[in-house]
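Colleague: Pasting a structure here, questions to come.
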Amino acid sequence: MLGATGSIGDSALDVIARHPDRFVVAALTAHRQWEALAELCRRHRPEVAALSDPDAAQALARALAGQGLPTRVLAGEAGLVEAAALAGADTVVAAIVGAAGLRPTLAAARAGKRILLANKEALVIGGAAFMAAVDAGGATLLPVDSEHNAIFQCLPAGYARDPAAAGIRRILLTASGGPFRTRPHAELAAVTAAEACAHPNWVMGRKISVDSATMMNKGLEMIEAHWLFGVSRESIEIVVHPESVVHSLVEYVDGSVLAQLGHPDMRTPIAQALAFPVRVDTGVPTLELARRGSLTFEAPDHDRFPCLGLACAALDAGGTAPAVLNAANEIAVEAFLGGRIRFTDIAPACAEALARLPARPVRALEDALAADAEARAVARAWLKLPIAA
Ligand code: NDP
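First residue of the sequence shown? That's 376 in the numbering used here, and the numbers climb one at a time after it.
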């Protein structure tokens with residue numbers, strides 16, 4: 376479990392704890408929340424626990440010493456990479472937030488694991504090179520992002536990234552519209568981080584909450600869908616669906632449209648992927664449609680949410696452009712969460728990075744990582760942030 380102390384980690388461990396006969400936790404990782412990880416180690420008794428922050432890893436080792444646990448503590452990115460490739464684990468939940476998840480998730484791919492992918496940024500950065508590593512390692516990617524998991528559930532069994540062969544006309548990616556769906560344009564400059572993180576339907580980590588508020592999340596998801604399902608941008612349509620009950624849809628050439636519905640609760644897609652192809656109980660309540668009344672759909676507003684257009688442009692440009700977009704967005708979101716920039720500075724910072732760093736081909740992952748580093752520098756400079764921010 377990469378990112379065990381986060382929102383996805385919490386939901387995944389909840390599902391796992393309901394099925395001790397089926398799942399055993401082999402390794403848990405986090406960044407620096409060593410106390411939270413220590414508590415999870417006591418509860419799940421993993422073989423390995425890893426923290427990317429070396430000081431936090433030392434604190435964890437001290438906290439676990441003498442407690443009779445089977446847990447070895449590892450430190451740094453190398454520790455996370457070792458945990459992701461652990462021989463005793465067949466499945467890796469990739470739930471680190473942001474680019475930090477790329478190398479551990481890649482290690483899981485190279486080790487041929489079944490990867491439950493929540494960390495969309497890793498796929499957005501790595502693109503074709505990431506997919507090639509998955510194929511070369513004999514790994515399997517199962518989407519955990521609720522929209523992609525819904526699409527996966529609506530695709531024919533054994534779907535092999537070939538929409539034409541499967542008779543697919545379009546993928547309809549639903550979006551809640553986030554907390555500012557109806558907020559007038561003129562008010563967006565003054566919104567706070569707390570408001571941006573107060574998502575109407577989902578409880579999530581702070582970074583993805585802000586991405587949801589700017590709708591960059593949907594842009595990143597469009598790129599994710601492109602790689603996961605082999606669909607072109609033209610055949611992905613974004614539909615705003617404020618109730619977050621229809622998690623996405625697949626339209627076939629005969630006019631059939633298949634959708635997956637459910638309560639907005641990440642335990643459903645996580646359990647679907649964890650136990651696939653079997654279905655297991657999650658504690659998610661029954662969907663009472665009559666009580667819900669109506670489900671509504673509308674087109675996205677590209678003027679108020681320019682990040683969507685930037686993601687389309689990055690996908691069209693290809694090569695390093697998605698990595699540039701993602702890196703600039705990570706810098707801007709972190710600065711917004713830290714109170715250093717306005718909400719409306721996020722999209723222009725991403726646009727600046729895309730404009731300043733024209734797309735180059737990605738021959739190897741190092742090309743994408745170099746673009747990521749350049750984009751971070753461009754975004755920091757444009758936002759007038761300290762270099763080490
Ligand atoms: P959180 O912020 O809640 O959790 C992030 C996790 O990653 C924590 O365990 C954190 O450790 C760890 N982490 C953070 N930075 C680093 C780092 N530099 N190195 C190693 N580990 C790190 O995020 P979420 O759970 O919300 O999201 C995780 C991923 O899942 C994201 O990519 C997101 O887009 C995706 N996702 C999330 C959904 C949700 O409902 N939350 C839905 C769909 C996708 P620590 O606690 O120690 O900081």
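For each residue, glycine too, the CB sits at the ideal point set by N, CA and C.
Just tell me which of W602, Q528 and H616 has its CA closest to the CA of R556.
Modeller: Of W602, Q528 and H616, the residue nearest in Cα terms is H616.
Colleague: State the CB to CB distance for the pair L377 and A469, rounded to an integer number of angstroms; the pair is presumed to be in contact (CB under 8 Å).
Modeller: Going by Cβ atoms, the distance from L377 to A469 rounds to 5 Å, so yes, they are a contact pair.
Colleague: Where V653 and Q647 are concerned, what is the direct C-alpha to C-alpha distance, given to the nearest angstrom?
Modeller: Whole-angstrom Cα-Cα distance: 8 Å.
Colleague: Apart from the five residues on each side of it in sequence, which residues of its chain come closer than 7 Å, Cβ to Cβ, to S521?
Modeller: Answer for S521: H622, M641 and P644, listed in chain order.
Colleague: In chain order, what residues of the same chain have a beta carbon less than 6 Å from the beta carbon of L481, not counting five sequence neighbours either side?
Modeller: If we look at L481 and ignore the five residues flanking it on each side, its Cβ neighbours are A508.
Colleague: Can you name the start and end residues of the beta strand (DSSP E) that A550 belongs to?
Modeller: Unbroken beta strand (DSSP E) run through A550: I543 to A550.
Colleague: In whole angstroms, what is the alpha-carbon distance linking I766 and G630?
Modeller: What is shown of the chain runs 376 to 764, which leaves residue 766 out entirely.
Colleague: Using the three-state DSSP reduction, which class does S610 fall into: helix, strand or coil?
Modeller: In the structure shown, S610 sits in a helix (DSSP, three-state: H, G or I).
Colleague: Based on Cα-Cα distance, which residue from A432, M579 and L760 lies nearest to P554?
Modeller: Out of A432, M579 and L760, M579 has the C-alpha closest to the C-alpha of P554.
Colleague: Determine, using beta carbons only, whether S587 comes closer than 7 Å to chain B.
Modeller: Considering every chain present, this structure includes no chain B. It has just one protein chain.
Colleague: In the DSSP assignment, find the unbroken beta strand (DSSP E) run with Q635 in it and report its ends.
Modeller: First-last of the beta strand (DSSP E) with Q635: V632 to L636.
Colleague: Give me, in chain order, the residues of the same chain whose beta-carbon lies closer than 6 Å to that of G473; leave out the 5 immediate sequence neighbours on both sides.
Modeller: Answer for G473: E496 and E705, listed in chain order.
Colleague: Is the beta carbon of T380 within less than 6 Å of some heavy atom of the ligand NDP?
Modeller: Checking every heavy atom of the ligand NDP against the Cβ of T380, one is found closer than 6 Å.
Colleague: Considering only residues of the region 449-490, which uninterrupted beta strand (DSSP E) runs meet the minimum length of 3 residues and lie entirely inside it, listed in chain order?
Modeller: Counting only runs of 3 or more, we get 466-469.
Colleague: Rounded to a whole number of angstroms, what is the C-alpha to C-alpha distance between A504 and A734?
Modeller: Rounded to whole angstroms, A504 to A734 spans 15 Å at the Cα level.
Colleague: By the three-class DSSP mapping on this structure, what secondary structure does L517 have?
Modeller: Three-state DSSP puts L517 in a strand.
Colleague: From which residue to which residue does the alpha helix (DSSP H) around T643 run?
Modeller: Its alpha helix (DSSP H) spans residues R642 to A650.
Colleague: The alpha helix (DSSP H) spanning T446 covers which residue range?
Modeller: Run containing T446: none; DSSP gives neither H nor E here.
Colleague: Taking only three categories from DSSP, how would you classify E673?
Modeller: Of the three classes helix, strand and coil, the one that applies to E673 here is strand, per DSSP.
Colleague: Just to confirm, does H677 get its C-beta within under 6 Å of one of the non-hydrogen atoms of the ligand NDP?
Modeller: No - the ligand NDP has no heavy atom lying nearer than 6 Å to the Cβ of H677.
Colleague: Please confirm whether A484 and I383 have their CB atoms less than 7 Å apart.
Modeller: Taking 7 Å as the Cβ cut-off, A484 and I383 do not qualify as a contacting pair.
Colleague: Helix, strand or coil for G401 per DSSP?
Modeller: Just to set this straight, residue 401 is Ala in the shown sequence, not Gly. Residue state, collapsed to three classes: coil.
Colleague: Going by DSSP in three states, L435 sits in which element: helix, strand or coil?
Modeller: Note: L435 maps to helix in three-state DSSP.
Colleague: D640: beta carbon under 6 Å from a heavy atom of the ligand NDP?
Modeller: No - the ligand NDP has no heavy atom lying nearer than 6 Å to the Cβ of D640.
Colleague: Three or more C-beta pairs closer than 8 Å, one from the region 598-617 and one from the region 663-681: is that the case here?
Modeller: Yes: at least three Cβ pairs fall under 8 Å.
Colleague: DSSP on H322, reduced to helix/strand/coil?
Modeller: This structure gives no information on residue 322, because the portion of the chain shown stretches from 376 to 764.
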